[in-house]
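In this note's numbering, the protein residues as written are 121 to 603.
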Ligand code: CS2
């Protein structure tokens with residue numbers, strides 16, 4: 121993708137999109153959105169025009185709204201290339217609304233007929249969807265609040281549902297909902313969540329949404345570590361400006377979207393986005409090969425004292441294990457002519473090794489119970505069913521279990537950073553053996569597929585590795601698996 125507006129030292133470019141109108145509301149203006157969808161959308165408007173600037177909605181933080189608005193929505197993206205940094209200014213976001221203090225403005229933006237697409241990056245846990253049952257989780261805090269007061273929603277499903285209701289009642293065409301979170305068939309999941317939420321408050325509305333609202337799925341990819349002081353220092357050195365909204369990311373970027381936008385869309389394909397009929401082959405490949413390996417790296421790194429992904433990849437044995445896992449994950453994928461899994465794995469290794477990217481293993485280790493099913497557990501289930509090798513899944517899950525056990529015993533579990541932290545701490549209480557820890561975590565409701573929990577082969581594979589990690593070390597377990 122071409123970099124559109126390089127910043128020369130001391131120079132903050134004019135906004136090339138100043139005369140473009142808004143067309144998208146994006147919920148969750150975190151670093152990933154700023155390094156990915158906003159960049160593509162800017163490029164699409166620069167190449168092909170269109171009124172597709174983005175109104176950002178920050179569900180919780182007010183800081184990002186204050187900071188971005190003070191900069192007229194503009195910020196820098198630092199691309200960490202092994203050969204040197206590049207810096208680009210992005211103007212695709214027109215302004216940001218902090219939902220916590222301005223719910224009415226959020227609703228007005230969602231109901232504006234100019235808003236034809238709502239995109240989302242809110243992380244897996246924010247939806248409040250039980251992905252086993254594909255229904256809303258009524259005890260999820262956002263869902264519970266919005267079911268009680270559906271006209272003043274604060275959660276994602278409640279906001280979309282109420283805005284769609286108002287648009288229907290006003291005779292305004294619905295917006296298209298584009299989920300950009302790392303969930304398999306994320307459009308299908310979002311559709312199930314929104315319609316189930318609507319069904320609880322107004323069954324006719326649920327039927328109207330099913331008939332009229334489109335939820336294309338998408339696969340997003342760009343490694344984007346949380347911004348640090350180093351990010352801001354780089355921007356200051358390159359531009360002479362203080363930009364507290366700056367983000368840093370890798371050179372690689374990919375976005376694959378199902379082309380289902382009845383009320384229009386930016387010419388994303390002219391910015392390098394792949395518009396397809398069916399995103400599933402891409403999404404499975406990415407979730408299983410990239411994100412699955414990422415989770416393996418994260419828990420291994422946390423146990424072995426590697427702060428960054430690149431540190432794990434600098435250890436030969438760990439890098440071999442990661443590569444082996446990528447190939448094992450590829451074994452569970454349906455072959456597609458357009459996709460070469462072996463070369464994708466090689467590219468991933470190079471991306472993970474990028475010495476210019478400081479991606480903390482701790483960041484990826486967060487929210488394990490939300491991430492593991494699509495990244496490791498369902499692929500493991502497929503591998504087991506087809507008689508394929510399950511070793512790398514078993515060691516990845518053993519790392520996750522050992523990581524949780526370590527956090528609970530050494531740090532009282534306070535820093536697990538998982539929405540099911542309380543349950544995890546209670547399940548692990550008093551557990552010291554590999555067998556006990558395995559049983560406790562395997563029995564968390566709605567997490568492990570039954571095909572795994574009922575398999576003695578799987579249990580043995582995980583427990584033996586967990587035992588090695590607990591009695592020797594994570595690196596010894598890696599070595600044992602490679603020998
Ligand atoms: C990572 C992802 O934090 C995580 O769980 O695996 O954010 C990953 O960096 C992105 O999906 C890459 O596109």
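Don't be surprised by glycine CBs; every beta carbon is placed ideally from N, CA and C.
- Membership of residue 442 in the alpha helix (DSSP H) is indicated by the continuous run 436–450.
- Its Cα nearest to that of residue 443, the residue 598 stands out among 598, 143 and 181.
- When secondary structure is reduced to three states using DSSP, residue 282 falls in the helix class.
- The beta carbon of residue 392 lies closer than 8 Å to those of 121, 160, 163, 373 and 375 in the same chain, with the five residues before and after it left out.
- For residue 337, the closest of 275, 403, 452 and 276 by C-alpha to C-alpha distance is 403.
- If you check the C-beta of residue 456 against ligand 1, you find no heavy atom less than 7 Å away.
- Cα atoms of residue 412 and residue 291: separation of roughly 44 Å, rounded to the nearest angstrom.
- Ranked by how close their Cα comes to the Cα of residue 441, the residues 530, 600, 178 and 203 have 600 in first place.
- For residue 205, the uninterrupted beta strand (DSSP E) run begins and ends at 204–210, by DSSP.
- Taking a contact as a CB-CB distance under 8 Å, the pair residue 256 and residue 313 counts as one, their CB atoms being some 6 Å apart.
- Under DSSP, the beta-bridge partners assigned to residue 375 are 340.
- Distance from the Cα of residue 352 is smallest, within the candidate group 369, 590, 227 and 504, for 369.
- In the DSSP assignment, residue 479 falls outside any beta strand (DSSP E) and carries neither an H nor an E.
- For residue 149, no beta strand (DSSP E) encloses it, and the DSSP letter there is neither H nor E.
- By the Cβ neighbour-count rule, residue 553 is exposed, with fewer than 16 other Cβ atoms within 10 Å of its own.
- In the three-state DSSP reduction, residue 428 falls in the strand class (E or B).
- For residue 300, the three-state secondary structure derived from DSSP is coil.
- By alpha-carbon distance to residue 170, the top candidate from 156, 523 and 140 is 140.
- Following the DSSP letters along the chain, one finds residue 214 inside the beta strand (DSSP E) bounded by residues 213–218.
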